[in-house]
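Keeping their order, the protein sequence lines are chains A and B. Count along the first sequence from 1, add 3, and you get the number used in the numbering used here. Count along the second sequence from 1, add 4, and you get the number used in the numbering used here. Please read the structure below before turning to the comments.
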Amino acid sequence: MRKFVLFIAAVLSVAMVHAQNKQVSGMVYAPDGTVVAGATVLVEGTTTVTLTSVDGHYVINAPQNGTLVFSLLGYQTQSVAIEGRSVVDVNMKEDTEVIDDVVVLAYGTTSARKATASVASIKADALKDSPSVSLDQMMQGRASGVSITTPNAGVGQASNVMVRGVSSISAGTNPLYVVDGVPIMAGNMSPSGVADANGLADINPADIISIDVLKDAAATALYGSRAASGVVIITTKQGRTGKAKVTYDMSVGASNATYLPEVMNAEQYTNFKNMALVNRYGTSEVSLNGKDSEWGKNAFNLMTDSKGKTIDTNWAKELFRTGLVHNHTLAVSGGSNRVSYYMSANYTDQKGIVIGDHYNRLGVRANVSGQATDWLKVGFTANYTHSITEMLDGSRGGEVYAAVGFTRAALILPPNTPAYNEDGSYYVDATKQYLGDGPNRVTTGYQNPVTTLDNINNSKIDRLISSGFVEITPVKGLSLKSQFGVDYSKNEEEKFWTPNYGQGVTYPGYAFNVFTDYMNWNWTNTIGYSVDIKDHNIDILLGQELTSEGYDYAILSGTGILNKDFAGLYPGYESYDGGAARGKRTMSSYFARLNYDYKSKYLISLNYRRDGLSSLGANSKWGNFWGVSAAWRISEEGFWDDIRSTMNEFKIKASYGTVGNSEIGYYNAQSYFGDSLYGGNYALLLGNIGDDNLQWETSNKLDVGFSMQFLNNITIDFDYYNTKTSSLVFAVPQGPSTGIGSLVTNAGAMRNQGVELAIGADIIRRKNFVWNTNFNFTYAKNEVVELANGVTEIYGSSENNITIPGYSVGQLYVYPTGGIDSETGQRVFYGPNGEWTRLDMSTGSPTWYLKDGTVYQGDFERVRAGNTLPTYFGGWTNTFRFYGVDITLFLQYSGGNWIYNGTGASLSDYRWWNNSMDVYNNYWKEPGDNAKYPKPYYGDNYSNGSAMEISDWIERGDYLRVKNICVGYTFDTKKWNKKLGISSLRLYVQCQNALTLTGYSGLDPETNSMTGDMILSGGFDKNTLPQARTWTGGLNITF
Amino acid sequence: MKKIFIGLMTLVSLVSMTSCKDFLEQPIPDTTNEPLVFSKAEYIEANLMGCYHYFKSTSTMSYTFMGGKTYAALDSRGDDVVNINNQQTLKDTYEMNVLGSNQLENYPTWVMAYSIINECNVFIDNMASYNPVEKGIISAEVAAQYIAEAKFLRAYTYYVLCKLYSQPYCKNPESPAVPLRLTGLKASGNNDCPLSSIGKIYEQIIADCNPTALASQTLKTRATADAARMLKMRVEMAMGKWSDAIVTGSEITGYTLVADMTTLYGFFEEKGYSNSEMIFILPMTSMDSPNTQSSVADYYSLNAQVGWLDTEAGILSKEAYCLEADQRISALTEWGEKYLYTKKFTNIGTKTDWIPQMRYAETLLNLAECYANVGDRESLDKAKAALKTVRERAIPAESDILNIDELTGKDAILEAVYNERRAELICEGIRGADIARRGENFVKKNSFVDINIAPGDSRYVWPIPDSEYAYNNALEK
């Protein structure tokens, strides 16, 4: 390792001159003698700051005559003069008067005391035991104001992350993610949707030291046009001076679907469907496919295998399985006086809870920084990931009606029909496209889903996120820094449909490949100056940045691909087709910040950024963004002296500013032409008319709040926010006589308001018993204020969701119904004027009758049936440490929203579809029954919400989840033989999604089927994977 | 010193970097954008072809303008073809029952018309703003010709709009017609535009007809000097400026009527079809033919059986206009089971019938009508001479039962001219426009309908589409 360090030093051509600044290192101990991890070490009078590692060690550059300030929540802040020492160990004292964590800012940090903006931090500790493969899922419930929904347990599924509500209707609502100063791509990285790949999964969670969510205008203003949806700043681990440290973290977990409804078995199914036939036709001896069956005269019969055993297929067992995930991270870190390094390699393999679901990642990271001279610092970061996401489930990406959607197939396929022949081959019909009829005189027209095992669907990603910087400190307090970062990704998506079964038969054999390069870079140059003049503390930051984002993709598809080996579309295809596209956008920016405080008592922060973006209109390429915040630490005033011992810290703060959302099409603002012909001559037609004035969506953000600490260990943070977003980007229809059609332009407005509360306390802090608790709560209200002129409503992916002014986005929009008429057993539907009607399906075609028995002649209209955004959410973490045992209980909750239980609708469809046991037990049998399900008439797909979405399936989405329970044991390695070389060892077991308390009767209240359009089409649960419960065991070991 | 030097270097590089202005210019790749179009002569011409493409409207459009549906609508308003079949629409048009909410005839016509107008306006504006002449990309003459072609298409489109949406000029030159838009719209916020009077629009059409600039443009699939004269003449006639129209029409020279009229119709493969009678014709190829059910053949051909010739009350019910010896009957009509159909447009499969817009026979009949209206003896003789030329091409004088020479008096001659126009130009987008031009009643009385609508009646015109009212706040219902 020493050689390596020397090598790095040589490469950097560092002149090892005697420095004014030198490395200072040391240990930080708690009063009980244990080490203190995560303590802040600050060089007084500078912005140089670091944190102690998990073993309590720190290293920092400081002047020999300087002073180090040690701080951590729950301990007194201590200032220790270095006095020329190179090792400064500190014993912290408990119950100090103030909180002083490091708070991450845009392009910098500050201390919690001096923070005036709204930032939520999640430290590595909170993340370390989660078995999730990506950080978005780990953030859920951890930070106030941040709503995170993971719509299903599929591999590669990105979470929907919203900071302080829905920031946009059409321009994207995801926050900006910045890793070590480099903005990165997030969300689904499968451009063609072959196999969803989560962009955030390319950052190994074990490499992360902290995640900070910047929420208000003051915190985000320096990210200007990209800040409207908040900014998530991810900081990865750095090496520290001292002996090289080797850590190995691993975990192995098994997962299952949290819930699948129970469906009828073969015998129940056969009886039930035959009964429905009798209700419809008077007999069950009918043929619905025009064929006879050797298994009986009824439409539905039982089938036996060669041993005489009745076929009773549990389709869920054929498609669902126990998933297996294992994670490994091996990291080496350390440093000398001048160079520090952190290097890690990680390997993750995840088999999902359905067949074909597989994720595999191999990644390496290197973070190296060196103090070349006392005034020159250089650093380099690289993160390379190779990942592959595979899936066969047809319901991904919002394909709720996909015939090979595994969840629906698992629930509704006939249980009396086999999945496999006795020889192990797939059970299919003569065309091999569909499931065989089995003993039924009905043709399903559905593919046998297990035949998809012969198909391929995957996304392969090779991604490099890397950056390098040079920082010069010509004089004390002044620093010039230049950082260049890249996020490059090469994606290859591959789809193959076997010629032998299912969708691929007619081609025969189909392959589809997409090759995409993403190339993003940014170059940031900043000048920082920090000066204290008596009691006036001033921090100035000036910066300039260039950013470029681009993609280039090519599509190749072919038919006549007879063999999986040729799915890469090299030889042997009959015909092929291709296409390509590329695009690029660029941004140029200038920014400035002034932080000023007087005696750390009155604080003010002024932030400004000017962005120019290529994708905006010619007249509005440049925009100004700003944020102002101020805070008053009342507890620093003289009159507070008397109560400071109980009310340690009290700060009120406010911020206001304007930031933007630039997630709009690269070329929406440009006028360009389409090709055509006139009498055989080449003709160019105006294709897109660009709006020269197209500009950012603008968010005006107000935040007021306070933070306080009392009794030395209880902290409360409270914020009220009110964000008005205007100039939303829409394709706005123009007056017909303009001849334009529609134009992407700015119109409309939306408002998000809410309160956020975070409470933390160290309830017990004894030497061998610690209990701390963190609770957060967010109330959020979204309202669409206005849409564009001529746009009265916006539908989601279907008419099941509607967005209209006066309500939150994505309201459920379904036909009003009123349960089952107890006299007739028929579903009650309400007409537009409240007319009571009942739906008679006895003839097979829907006829609605009025109370008086006459046929209702009118139409039915959808009605708004509930908001789909949660109005409150949060989390509660309790951590206990008792001697070596640690227990973490993490509860997460959310609610105030409504869900359309489309799974319930599918499960009560009276066609050949299998139904739930709930239907079997609760259908209408005779007059007077207050049944949940209507009288079964075979073929009826109207009464139960399949063909027409009905309000009877709208349910509340409130839930409380035991998100994580973890029990760990840390061995007392100090007593172990030194020769083992183990300095710490912890073993743990944990369970994710252990228990969910909810009134929702569908798969899971967090489920969202429309994963491609989660905002405008929220609250829709149909044909989607449920959540997974994962049991994990793991170890953390340090050598 | 060194560190200060490096610090300064950083600052200098910062400043120099930010001076690269083009960094934010990212034109869309692999697609033609405006600066690119106006940087190359062939792209400029292609953009002009785009204006023509819109004017005829083909498979890339859901609706066809003067290459299809709108052309047929002008006849369906008239009394010589029956269109009571709702299969391909225009039934409401025939029955004079088009509403503001009509989504099949009214709204798409309006949208297409203004798409053409904006395409032309943007082209005209871009020719000024990109100034390819100054940059040496095209010559000043070519530029003037291109602009004149675009203005011709704009003018022709306004002419069609006036025929559909405005009460007749002859009844009231101040009749509100349609919004007059003359500048290219490339941004939102331009929805409001009041109606201009038919008089004002006619003045604009006349101003937009620039034969001089079109002098060297001889392709008949594009605007020629004589096409511009024809359009000008039509408008002058509508304004009752008979002598002006005679002057304009007399400048149209060098044409002769073809002997075999079937050579005027069908699919002409060679570009710029040069027929001695044709003045302006819209070309069709298999690659840019009208959309499903939008070609003229889809309305009038025997195979389509949608619209047929009115043999009960139309011009073909008059003895002198359904003669067997008339090649317009013998060669250009055919009987189906019950009804008589035109054979001018028959390619229902390929939809490649070219669509005549202006031909010399119309010029002669226009002149005849102008001279007859002037009414002095000399003029009446000239009217009869022009009329005779047209009629005798179709019917040998010896077989004719109508003796034009024997006609006396302005009224008799005018009536003969009116009738001849109907017979000659049937199904060519003229009849409906003629009725409106003269302020006559729309009278259709046969086994299917009984309609008599006078000027001033709201049903006399198509109402401006409801959606225009919804967006255009300068309009009042």
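Just so it is clear, CB atoms sit at the ideal spot from N, CA and C, and this is done for glycine as well.
(request) Tell me where the alpha helix (DSSP H) around Val115 of chain B begins and ends. (result) 110–134
(message) Assess contact between the segment 359–368 of chain A and the segment 244–258 of chain A, defined as three or more Cβ pairs (one per stretch) separated by less than 8 Å. Is contact present?
(response) no
(request) Buried or exposed for Ala120 of chain A, please, with buried defined as at least 16 other CB atoms from any protein chain shown within 10 angstroms of its CB. (result) buried
(message) Please confirm whether Thr289 of chain B has its beta-carbon closer than 7 Å to some beta-carbon of chain A.
(response) The beta carbon of Thr289 of chain B falls within 7 Å of a beta carbon belonging to chain A, placing the residue at that interface.
(request) Using the Cα positions of Ile475 of chain A and Lys126 of chain A, report the straight-line distance between them to the nearest angstrom. (result) 29 Å
(message) Which of the three DSSP states is assigned to Gln26 of chain A in this structure?
(response) Gln26 of chain A: strand per DSSP, three-state reduction.
(message) For Ser347 of chain A, tell me which candidate among A:Ile211, A:Glu297, A:Asn451, A:Arg399 has the shortest Cα-Cα distance.
(response) A:Ile211
(request) With a 10 Å radius around its C-beta and 16 neighbouring C-beta atoms as the bar for buried, classify Thr325 of chain A as buried or exposed. (result) exposed
(request) Measure the Cβ-Cβ separation of Gly408 of chain A and Thr454 of chain A and say whether it is below 7 Å. (result) no
(request) Tell whether a beta-carbon distance below 7 Å holds between Asn451 of chain A and Lys498 of chain A. (result) When the beta-carbon positions are compared, Asn451 of chain A and Lys498 of chain A stay at least 7 Å from each other.
(request) Could you confirm whether any beta carbon from chain A is found closer than 7 Å to the beta carbon of Met282 of chain B? (result) no
(message) Tell me which residues share the same chain as Thr74 of chain B and place their Cβ nearer than 6 Å to its Cβ, disregarding the 5 neighbours each side in the sequence.
(response) Thr113
(message) At the level of alpha carbons, what is the spacing between Leu406 of chain B and Glu428 of chain B?
(response) 15 Å
(message) At the level of alpha carbons, what is the spacing between Arg88 of chain A and Gly338 of chain A?
(response) C-alpha separation (whole angstroms): 18 Å.
(message) Tell me which residue opens and which closes the alpha helix (DSSP H) that Ile415 of chain A is part of.
(response) Annotation for Ile415 of chain A: the continuous alpha helix (DSSP H) segment containing it runs 409–415.
(message) Is there a C-beta anywhere in chain B that falls below 7 Å from the one on Gly615 of chain A?
(response) yes
(request) Could you please give the first and the last residue of the uninterrupted alpha helix (DSSP H) stretch that includes Gly203 of chain B? (result) 202–212
(request) Would you give the residue range spanned by the beta strand (DSSP E) that Gln547 of chain A belongs to? (result) That run of the beta strand (DSSP E) goes 539–562.
(message) Please identify, using Cβ separations under 9 Å, the residues of the segment 298–321 of chain B that lie next to chain A, in order along the chain.
(response) none
(request) Throw me the rounded Cβ distance for the Ser147 of chain A and Asn775 of chain A pair, which I believe falls under 8 Å. (result) Going by Cβ atoms, the distance from Ser147 of chain A to Asn775 of chain A rounds to 17 Å, so no, they are not a contact pair.
(request) Measure the alpha-carbon distance for Glu328 of chain B versus Asp404 of chain B and round it to whole angstroms. (result) 10 Å
(message) Count Cβ pairs between the segment 416–435 of chain A and the segment 310–326 of chain A that sit closer than 8 Å; are there 3 or more?
(response) yes
(message) Excluding the 5 residues flanking Asn703 of chain A on each side, which residues of the same chain have their C-beta closer than 6 Å to its C-beta?
(response) Thr661, Lys727
(request) Enumerate, from N- to C-terminal direction, the unbroken beta strand (DSSP E) stretches of 3 or more residues contained entirely within the segment 86–162 of chain A. (result) Correct list: 105–108, 111–114, 122–126, 149–152.
(message) Less than 7 Å between the beta carbons of Ala302 of chain A and Val289 of chain A, yes or no?
(response) Yes, the pair counts as a contact, with Cβ atoms nearer than the cut-off.
(request) For Ala437 of chain B, I'd like the list of residues in its chain whose CB is within less than 7 Å of its CB, leaving aside the five on either flank, ordered along the chain. (result) Excluding residues within five positions, the ones whose Cβ falls inside 7 Å are Leu78, Lys167.
(request) Identify every residue that forms a DSSP beta bridge with Met522 of chain A. (result) Met522 of chain A is bridged by DSSP to A:Tyr491, A:Gly553.
(message) DSSP has His57 of chain B in a bridge; who is on the other side?
(response) Answer by DSSP bridge pairing: none, since His57 of chain B is not bridged.
(request) Kindly indicate which residue of A:Tyr972, A:Pro835, A:Lys770, A:Ser1020 has the alpha-carbon position closest to the one of Pro1046 of chain A. (result) Since the first and last residues shown for chain A are 4 and 1042, residue 1046 of chain A lies out of range.
(request) Assign Ile766 of chain A to buried or exposed, taking buried as 16 or more other Cβ atoms, counted over all protein chains shown, within 10 Å of its Cβ. (result) exposed
(request) Show which residues of chain B have a CB atom less than 8 Å away from the CB atom of Val735 of chain A. (result) Ser192
(message) Closer than 9 Å between beta carbons: that is the criterion. Which residues of the segment 22–47 of chain B meet it against chain A?
(response) Thr22, Cys24, Phe27, Leu28, Glu29, Gln30, Pro31, Ile32, Pro33, Asp34, Thr35, Thr36, Asn37, Glu38, Leu40, Val41, Glu46, Tyr47
(request) Name the residue from A:Ser617, A:Tyr670, A:Ser492, A:Asp694 whose alpha carbon lies nearest to the alpha carbon of Ala482 of chain B. (result) The question about residue 482 of chain B has no answer here: the residues shown for chain B are numbered 5 through 481.
(message) Once the 5 residues before and after Tyr58 of chain B are set aside, which same chain residues still bring their CB inside 6 Å of it?
(response) Closer than 6 Å at the Cβ level, and outside the excluded window around Tyr58 of chain B, lie Ser119, Ile120, Glu123.
(request) Helix, strand or coil for Gly895 of chain A, going by three-state DSSP, please let me know. (result) Note that residue 895 of chain A corresponds to Gln in the displayed sequence, not to Gly. Looking at Gln895 of chain A - three-state DSSP - the assignment turns out to be strand.
(message) Using a Cβ-Cβ cutoff of less than 8 Å, which residues in the same chain neighbour Lys96 of chain A once the five nearest sequence positions on both sides are dropped?
(response) Around Lys96 of chain A: Pro34, Tyr78, Gln79, Gln81.
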